[in-house]
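Trainee: Have a look at the structure that comes next, please.
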DNA sequence: AAATGATTATAACAAATGATATATGGTCAA
DNA sequence: TTGACCATATATCATTTGTTATAATCATTT
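Chains as they are written, first to last, in our numbering: chain C, 1 to 258; chain P, 259 to 516.
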């Protein structure tokens, strides 16, 4: 469902649509891996039924818990994170609309990281039985979900690459490119940019930089004429240039179906 | 099979055994997740049959290829890696004995990273049909392999944590702790240490540091009386101390079965 | 044995990034 | 409007880490 004026806390200028009628983000996302028939699409749409609003900065799954349901993000942005004993936080992954966390909990005990919203979100909680039933009845969906999981793994490896061997400017540029592509796939970004409810501190906790240095980097990217970040908005001025700085190759987000 | 004098290029002082008879590393590893019956253990032993020796610094899977078989590491150490256009390399994961790469290739197209040996290895190539047949006939193995995959995902997230918010000393200490635990599980490490065929440059490419700084860090860890690294060997002098510096929590390597 | 090449060790210096402090600007509620 | 609070911006300085250069060590080959 497209957010309306009744939901003022979420920016919605990029509300997604396809040929006039909106598609649920998870349908858009999974369709990018494998074509889904009407029945499969309907099943996914059913998952999105019980969506609830969650404010920004709220936990969805707490560290150490044994979750009894998965979380499907419908709107907004959330993240996986962990804290060090010293208090510093590392964001280890983002959840954008269409992302499901965590399809595999059935085989998992306690989760050793937290999951929380950054900006305000709309999310659906999916009991494990519902999800198990879904993948059993629809092998095509099971397969698409496995593709999505592989893409997530590749994304985490890409983050290792980012943190391990790119400079501060390259890291931030890469992150902005990745979010652009992921949001674009589900209809929440245009070529010109996207809304992003992240603070500079959030970007710092993601890229392994200090908030001060993130600020320096964003200024530099602005002066380079590549991208302007501010006011909960990312305006991309030169996408090829930004991608070049980041050495961004979108293919890791889209493993080809075997 | 335990390496003998016929295989002089692999250090073997820590050759694993259990009650006198050796166990294949993948049996040891998967048993740590779920108990395996004799039939399942036999099936895994069959996988290890066609092991071949591979020299150090050789590719097992090349970037961009469409692999037609998985790789099971039996001895030695290998890694996943990627190169930047500038030439710098990032190691994104290690493969130790018992690790299978990649159970899910059937759903994957080209792989966007390479897999190669670091030290000399013994590996088995497992055709996709063989693997598919195995998991079909043995649901218990399928489940254990999924657990292993979850542990690998958690490990990659732990690496993000390591690269993103730990200092150089902490990073190296954490890596040494992780390798110790992973090798210990499959019988290739004792409390006192383990053989490790990594150069300081390899450690640098893993931890996102320069080789010079890795050298500085190793000296510091030695002066702190925690660990001595050199001569293809890691001697742990103070395991609790090393783990404390690293804030190492082994649980991410062992998700409890749900 | 000598030569070669790779790895390790160390010093000196450069560059990138972090920490602290402070000011500015926006948002929200009273 | 005011005040409080949070995020952003910027300057200054400290620290960590990278870079370059050079030796020393070790294994391998000739």
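Idealized CB from N, CA, C, for every residue including glycine.
So, does the segment 107-120 of chain C touch the segment 67-80 of chain C, judging by three or more C-beta pairs under 8 Å?
Mentor: Short answer: they touch.
Trainee: Examine the Cβ distances between the segment 433-445 of chain P and the segment 162-181 of chain C and report whether three or more of them are shorter than 8 Å.
Mentor: Result no; under three Cβ-Cβ pairs closer than 8 Å.
Trainee: Could you check whether the Cβ of residue 352(P) sits closer than 8 Å to any Cβ belonging to chain C?
Mentor: By this cut-off, residue 352(P) is not an interface position.
Trainee: Does the beta-carbon of residue 501(P) have 16 or more other beta-carbons within 10 angstroms, so that it is buried, or is it exposed?
Mentor: That one is buried.
Trainee: Can you list, in chain order, the residues of the segment 394-422 of chain P whose Cβ is nearer than 9 Å to any Cβ on chain C?
Mentor: For the segment 394-422 of chain P, which is checked against every Cβ of chain C, the residues closer than 9 Å are 401, 404, 405, 407, 408, 410, 411, 412, 414, 415, 416, 417, 418, 419, 420, 421, 422.
Trainee: Could you tell me which chain P residues have their CB closer than 7 Å to the CB of residue 181(C), listed as they occur along the chain?
Mentor: Near residue 181(C) there are no residues of chain P at all, since even the closest Cβ is about 15 Å away, more than 7 Å.
Trainee: Using a C-beta to C-beta distance shorter than 7 Å, which residues of chain P count as neighbours of residue 251(C)?
Mentor: 370, listed in chain order.
Trainee: Quick check: is any heavy atom of the ligand NAP less than 7 Å from the C-beta of residue 43(C)?
Mentor: Of ligands this structure carries none, so the ligand NAP is not represented either.
Trainee: Which residue from 92(C), 28(C), 72(C) puts its Cα closest to that of residue 412(P)?
Mentor: Answer by Cα proximity: 92(C).
Trainee: Please report the distance separating the alpha-carbon of residue 418(P) from that of residue 156(C).
Mentor: So the alpha carbons of these two residues sit roughly 8 Å apart.
Trainee: Report the rounded CA-to-CA distance for residue 248(C) versus residue 218(C), giving the unit in angstroms.
Mentor: So the two alpha carbons sit approximately 17 Å from each other.
Trainee: Using C-beta distances below 8 Å, list every residue in its chain close to residue 126(C), excluding the 5 sequence neighbours before and after it, in chain order.
Mentor: Cβ neighbours of residue 126(C) beyond the five flanking positions: 47, 69, 70, 71, 72, 100.
Trainee: Between residue 488(P) and chain C, is any beta-carbon pair separated by less than 8 Å?
Mentor: Cβ-Cβ to chain C under 8 Å: no for residue 488(P).
Trainee: With 9 Å as the limit, tell me which residues of the segment 320-349 of chain P have their beta carbon closer than that to any beta carbon of chain C; keep them in chain order.
Mentor: Listed by position, the residues of the segment 320-349 of chain P near chain C (Cβ gap below 9 Å) are 324, 338, 340, 342, 343, 344, 346, 347, 348, 349.
Trainee: So, for residue 241(C): in the same chain, excluding its five sequence neighbours on each side, which residues have a beta-carbon less than 6 Å away from its beta-carbon?
Mentor: For residue 241(C), where only same-chain residues beyond five positions count, the Cβ hits under 6 Å are 226.
Trainee: Report the residue from 54(C), 49(C), 80(C) whose alpha carbon sits nearest the alpha carbon of residue 64(C).
Mentor: Comparing Cα-Cα distances from residue 64(C) to each of 54(C), 49(C), 80(C), the minimum goes to 80(C).
Trainee: Measure from the alpha carbon of residue 341(P) to the alpha carbon of each residue in 460(P), 494(P), 496(P), 495(P), then state which is nearest.
Mentor: Nearest option by C-alpha distance: 460(P).
Trainee: Check whether the Cβ atoms of residue 312(P) and residue 381(P) sit closer than 8 Å, and answer yes or no.
Mentor: Going by C-beta atoms, residue 312(P) is nearer than 8 Å to residue 381(P).
Trainee: For residue 90(C), name the three-state secondary structure that DSSP assigns.
Mentor: The answer is strand: DSSP assigns residue 90(C) an E or B state.
Trainee: Is there contact here, the segment 136-148 of chain C with the segment 183-191 of chain C, by at least three beta-carbon pairs under 8 Å?
Mentor: No, the segment 136-148 of chain C is not in contact with the segment 183-191 of chain C.
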